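S.K.: Start counting at 1 in the sequence shown, then tack on 129, and there's your number in our numbering. Beta carbons: idealized from backbone N, C-alpha and C, even for Gly. From a predicted model like this one, the values you see are computed outputs, not experimental measurements.
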Amino acid sequence: MSKESESALPGSRSRQVAKRKQDAADAPTQTTRELLRIVRAAQPIPRVAVARRMGVHRRRITVLVKPLIDSGVLREGVPDRIVRRVGRPAIGLSLRSETEFLIGINIGVKQTRLGAAMVDGSILAEGVFPTPKDPDTALTQIRDWVKKQCATFAARELIVIGISVSGPTDVENGKLLYAPHLGWRDVSITEKLESPAKVLVENNATAAAIYEAQRRRAQRPTRNAGDFVLVRAGTGIGVGLVLEGEVFRGTTGADIAGEFGHMTIVAGGKQCSCGNFGCWERYASTQSAVELYAGESRSGFRSTMTFDDIVSRASAGERRAQTTLERVGTHLGIGIGNVICGLGVPDVVLSGDLLRGWKFIEGPTRHAIDMSLCGKLSRWSLEAGDSHGSELGGALEVAIEYYLSVLARRNKVAA
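#1: Hey, out of THR160, ALA423, GLY201, GLU255, whose CA is closest to ARG182's CA?
#2: Can you tell which of ASP249, GLY244, VAL419 has the C-alpha that lies nearest to the C-alpha of GLU255?
#3: Using a threshold of 8 Å, state whether the C-beta atoms of GLN172 and ASP249 are closer than that.
#4: In the DSSP output, what is PHE282 paired with across the bridge?
#5: For the structure I just gave you, are there three or more beta carbon pairs, one from the region 189 to 200 and one from the region 227 to 237, closer than 8 Å?
#6: Which same chain residues, not among the five before or five after ALA386, have their C-beta less than 7 Å away from its C-beta?
#7: Run the CB neighbour count on ILE252, radius 10 Å, all protein chains shown included, and call it buried at 16 or more, exposed below.
#8: Have a look at LYS150 and LEU372 and give me their C-alpha separation to the nearest angstrom.
#9: Quick test of your reading: GLY407 and ALA423, contact by CB under 8 Å. State the CB separation rounded to the nearest angstrom.
#10: Residues in its own chain within less than 8 Å of GLN580 by CB, not counting five upstream and five downstream?
#11: Does GLY446 pass the burial test, meaning 16 or more other C-beta atoms within 10 Å, or should it be called exposed?
#12: Thinking C-beta only, is GLU526 closer than 8 Å to TYR340?
#13: Count the C-beta pairs between the region 450 to 469 and the region 493 to 506 that are closer than 8 Å, then say yes if the count reaches three, no if not.
#14: Closest to GLY522 by CA distance: which of ILE220, GLU205, THR241 is it?
#15: The beta strand (DSSP E) spanning SER480 covers which residue range?
#16: Can you tell me where the alpha helix (DSSP H) holding VAL527 begins and where it ends?
#17: Taking only three categories from DSSP, how would you classify ARG508?
#18: How should PRO350 be labelled, buried or exposed, when 16 other C-beta atoms within 10 angstroms of its C-beta is the threshold for buried?
#19: Can you list, in chain order, the residues of its chain whose CB lies under 8 Å from that of ALA170, leaving out five sequence neighbours each side?
#20: Cβ of LEU203 within 8 Å of Cβ of LEU224?
#21: Per DSSP, TRP409 is paired with what?
#22: Compare the C-alpha of LEU329 against each of GLY312, GLU530, LYS541 and name the closest.
#23: Return the residue from the list LEU222, THR364, GLU375, ASN467 that minimises the CA-CA distance to LYS505.
#24: Please identify the residue among PRO261, ALA338, ILE271, ARG189 whose C-alpha is closest to the C-alpha of GLY624.
#25: So which of ARG176, ARG188, ILE232, THR191 has the shortest CA-CA distance to ILE220?
#26: Could you check which residue in TRP509, TRP487, ALA284 has the C-alpha nearest to that of ILE469?
#27: Using DSSP's beta-bridge definition, name the partner residues of ASP299.
#28: First and last residue of the beta strand (DSSP E) that includes ARG361?
#29: When you compare each of VAL238, MET434, VAL185, GLY518 to LEU484 by their alpha carbons, which one comes out closest?
#30: Is ILE292 near ILE318, with beta carbons less than 8 Å apart?
#31: Following the continuous beta strand (DSSP E) through PRO196, name the residue where it begins and the one where it ends.
#32: GLU420 by DSSP, collapsed to three states: which one?
#33: Helix, strand or coil for GLN400 per DSSP?
#34: Going by C-alpha distance, which of VAL316, ARG361, GLY303, VAL168 is nearest GLU512?
#35: Any idea what DSSP makes of LEU311, helix, strand or coil?
#36: Just how far apart, CA to CA, sit LEU533 and ILE167?
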């Protein structure tokens, strides 16, 4: 093979060398961001504990921390907001948050939730309203709420707005590409909000995965959040993939990695809102449960029946409702088994409204995963995540993650 042909291959030596050079150039920023993540997860945290988590000598932490303290990003001592504990307040590193704030917005199919918070995640204000069908109307209401918070917290600078929404997005350009359940397509959210702050538009499953990664850092004294798949199951299904603590977005420029909700699991099955037939979310979502229950009910079904109504009936002992949730659980497990096999990541976190029926769904879900090839051949785990991450918490985490990255770039220290 000629050198010209070799260099054109995806795995060619030239591309590998270029990637190593880019990784080396990014390393100082990544190290500083990692430190900021750890501090936020466990603040106030002593330097020695940070060194232990990062696997470096304490002297290296001193070098990394100095510019962050000098520039006002970190403080060492008692944090701004003290969690009351018995005894003296803990002394250590914590994020400073006197001069900035950020906003998170979760645009759901039924409700839009909004929150203003400090850099450390402490909530300053919250709001909620029914999501209008028209995107212009919805974004006008969001814009007005944002302006109100800027006026209320005029002493602080709004630095970033994180938005989570179902469907593929263009994160950096603040654009929603397509949200089937909302009926929105090619919506330039950044332009319509008219905010001087950075606007990030993130798929809600990816946002929930970012939230879950931070939750893991807070719970486990490790360097990063590890590898896991987050399945967000509600009105639809989305998947967020985290490798070595970092979200994987794919290579197309649009955030379409993780759209497993639209993989076909029943050939020639029910038509999905995306136009395809037999999509996973047509059989393993809250909406699919409502439709399945309606089809099986001989009496007592109301057009206003909700997923929560079905869960309540199942809890009261109604066998038809229980069977409905069990069938949804089976299809959920079939899809999760496919995801585990396809990605080779065995640790799965489940998030979203479907968890409200977990008592009846869990058993069939686990059984279906066990019956899959990967379920039989390898170790796997399935755990319920924090429901807050699938809503406002995920959107706020998108904003916080972005700002920590900005701070890391400004204050990076050469290796």
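M.R.: From the atom records:
#1: In terms of Cα proximity to ARG182, the closest of THR160, ALA423, GLY201, GLU255 is THR160.
#2: Among ASP249, GLY244, VAL419, the Cα nearest to that of GLU255 belongs to GLY244.
#3: Yes, these two residues count as a Cβ contact at 8 Å.
#4: Answer is none; PHE282 lacks a bridge partner.
#5: The region 189 to 200 is not in contact with the region 227 to 237.
#6: Cβ neighbours of ALA386 beyond the five flanking positions: LEU370, PHE377, ARG378, GLY379.
#7: Exposed.
#8: Only weak support is given to the placement of LYS150: the predicted model assigns it a pLDDT of 47, under 50, and the value that follows is read from those uncertain coordinates. The alpha-carbon atoms of LYS150 and LEU372 are separated by roughly 21 Å.
#9: In this structure, GLY407 and ALA423 do not form a Cβ contact; the two beta carbons are roughly 19 Å apart against a cut-off of 8 Å.
#10: In the structure as shown, the chain starts at 130 and stops at 544, and residue 580 therefore has no counterpart that could be examined.
#11: Residue environment for GLY446: exposed (fewer than 16 other C-beta atoms within 10 angstroms of its C-beta).
#12: The answer is yes: Cβ separation under 8 Å.
#13: Because the criterion of three Cβ pairs below 8 Å is met, the region 450 to 469 and the region 493 to 506 touch.
#14: Of ILE220, GLU205, THR241, the residue nearest in Cα terms is THR241.
#15: DSSP places SER480 inside the beta strand (DSSP E), whose first and last residues are 476 to 480.
#16: It spans 521 to 539 - the alpha helix (DSSP H) in which VAL527 sits, taken as one unbroken run.
#17: Residue state, collapsed to three classes: coil.
#18: It counts as exposed.
#19: The beta carbon of ALA170 sits closer than 8 Å to those of GLN343, ARG346, ALA347, all from its chain and outside the five residues before and after it, given in chain order.
#20: Closer than 8 Å, so yes.
#21: When beta bridges are read from the DSSP output, TRP409 appears opposite no residue.
#22: The shortest Cα separation from LEU329 among GLY312, GLU530, LYS541 belongs to GLU530.
#23: Per the C-alpha coordinates, the member of LEU222, THR364, GLU375, ASN467 positioned closest to LYS505 is ASN467.
#24: Residue 624 lies beyond the stretch modelled for the chain, which goes from 130 to 544, so this question has no answer here.
#25: Proximity to ILE220 across ARG176, ARG188, ILE232, THR191 peaks at ARG176, based on C-alpha coordinates.
#26: When only C-alpha atoms are compared, the closest one is TRP509.
#27: BP columns for ASP299 point to LYS304.
#28: From DSSP, the beta strand (DSSP E) with ARG361 extends over 357 to 362.
#29: Taking only the C-alpha atoms, the option nearest LEU484 is GLY518.
#30: In this structure, ILE292 places its C-beta atom within 8 Å of the C-beta atom of ILE318.
#31: Run containing PRO196: none in the beta strand (DSSP E); it sits in the alpha helix (DSSP H), 187 to 199.
#32: In this structure, GLU420 counts as helix in the three-state DSSP scheme.
#33: Look at GLN400 here: in three-state DSSP terms it is strand.
#34: Per the Cα distances, ARG361.
#35: It is coil, neither helix nor strand.
#36: Straight through space, the alpha carbons of ILE167 and LEU533 are spaced by roughly 11 Å.
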